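These notes concern the structure reproduced below.
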Amino acid sequence: MEIFDSHAHYHDGRFVPDRDALLGEVLPAAGVIGVLEQGTTLESSRASIALAERYDYVWAAAGIHPEDAKDLPEDWLAQLRQLLAHPRVKALGEIGLDYHWLDACPKDRQQEVFAAQLALAKELDLPVVIHDREAHGDTLAYLQQYRPAGVLHCFSGSWEMARQALDLGLYLGFGGVVTFPNSKHAQEVVTKMSLDRLLLETDAPYMAPVPYRGRRNDSSLIRFVAEKIGELRGEDPAHIAAVAAENTRRLFRL
Ligand code: NI
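Numbering (the working numbering), first residue to last: 1079 to 1332.
In C-alpha cells, the structure reads:
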C-alpha cells in the first residue's frame, strides 16, 4: 500500500527521540510516499519547512492555528507571507476555528486571523488546510465567502455539511477517528462521498487509529484507516490509498 499523509506534525516534541530514524528509514520502508507537514505557529511553520528541506517526500504547510492566534507579533502576516514564498511550502495550514478551546483564544480574534489567512491564500493562489472544531457553521460561512481550494482536515461534520463543502470544491481529510466505534458521522461521510475528494491523514502525533488508539501516531498507521474505509465502502484498501494519494498531489500541486 502506498501512503500519502496529508496532515502531520513531525516537528512535535514527541518525535524528538526517533524523528530522523522515522522519516529517514522507517516510514519510507512502510510505504509512505508523501507527507504534508503542518505548521501551527510561525515557529512550527519554520520547523515544518526545515523538515521539507531535509526529506524529498516531505512538503510543508505554513499557518497560524486558531489556538495559537492570541499572542501574535504585530507583523505576523508579513512573516507568514515570507514563509509562504519558500518553494517547499505548498499550502496555508493549519488554519481555522476552534470553539472547544476558547480560553486559548477568543472567537473574534480567531475569526480575524482566519479571515486574514483566507484572504492571503486567495491572493497567493495557495490551497488551505482547515481545522474546524465545534465551529461548523462559522467555518462554512467563511469558506463560502472566500472560496479557497483546500481540505477540511479531520472532518467531523454531518453528511449535510460534507455535501456543502464538496459543493464548494473542497476535499475532506480522514484519519484515525474513522476507526473509532463512536464516529458515526465520519463513517457515514466516507461511505457516501465520492472517492475523488477524499484525503488520508494522521494528525500525528495525535489521533492514532484502532488498534493503536491512545498511542503516538505516525504515517505508517494510515493503513488501518484505509482498511476501515475499504471495509465500509466494500473497496480494496490499497485502491483507497492510491486514489487518496493522487487527490493529495492534485490539490497541493505536488
Ligand atoms: Ni493538525
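Beta carbons: idealized from backbone N, C-alpha and C, even for Gly. Nothing here was measured: the structure is a model prediction, and the numbers come from that model.
### Cβ-based neighbour list, residue 1269, same chain, cut-off 7 Å, excluding 5 preceding and 5 following
Correct list, in chain order: 1310, 1311.
### Query
Any chance the segment 1215 to 1228 sits against the segment 1239 to 1249, with 3 or more Cβ pairs inside 8 Å?
Enough Cβ pairs lie closer than 8 Å, so yes.
### Message
Contact between the segment 1196 to 1215 and the segment 1230 to 1242 is defined here as three or more beta-carbon pairs at a separation below 8 Å; is this criterion met?
### Response
The segment 1196 to 1215 makes contact with the segment 1230 to 1242; the number of CB pairs closer than 8 Å reaches 3 or more.
### Query
According to DSSP, what are the bridge partners of residue 1086?
For residue 1086, the pairing in a beta bridge is given by DSSP as 1115, 1282.
### Message
Using a Cβ-based criterion (distance less than 7 Å to any ligand heavy atom), does residue 1157 qualify as near the ligand NI?
### Response
No, Cβ of residue 1157 sits at least 7 Å from all heavy atoms of the ligand NI.
### Task
Look at the Cβ atom of residue 1320, then the Cβ atom of residue 1278, and state whether they are nearer than 8 Å.
Contact: no.
### Query
If you measure from the CB of residue 1195, is any heavy atom of the ligand NI nearer than 7 Å?
No; taking the cut-off as 7 Å, the Cβ of residue 1195 has no heavy atom of the ligand NI nearer than that.
### Rounded straight-line distance, which links the Cα of residue 1153 to that of residue 1252
A straight-line Cα-Cα distance of about 34 Å links residue 1252 and residue 1153.
### Start and end residues, alpha helix (DSSP H) containing residue 1127
Residue range 1120 to 1132 is occupied by the alpha helix (DSSP H) that includes residue 1127.
### Within 6 Å of the ligand NI: residues by beta-carbon to any heavy atom
Near the ligand NI, residues with a Cβ at less than 6 Å from any of the ligand's heavy atoms are 1085, 1087, 1116, 1172, 1281; the list follows chain order.
### Task
Check the C-beta distance from residue 1138 over to residue 1126 and give it rounded, since I have them as a contact under 8 Å.
For a cut-off of 8 Å, the C-beta gap from residue 1138 to residue 1126 is around 4 Å, short enough to register as a contact.
### Query
Is it right to say residue 1091 is buried, meaning 16 or more other beta carbons lie within 10 angstroms of its own, or is it exposed?
With fewer than 16 other beta carbons inside 10 angstroms of its own, residue 1091 counts as exposed.
### Query
Excluding sequence positions up to five away, which residues of its chain have a Cβ less than 7 Å from the Cβ of residue 1146?
These residues qualify, in order along the chain: 1118, 1119.
### Query
If you compare alpha carbons, which of 1218, 1185, 1155 is closest to residue 1201?
If we check each option's Cα against that of residue 1201, 1155 comes out closest.
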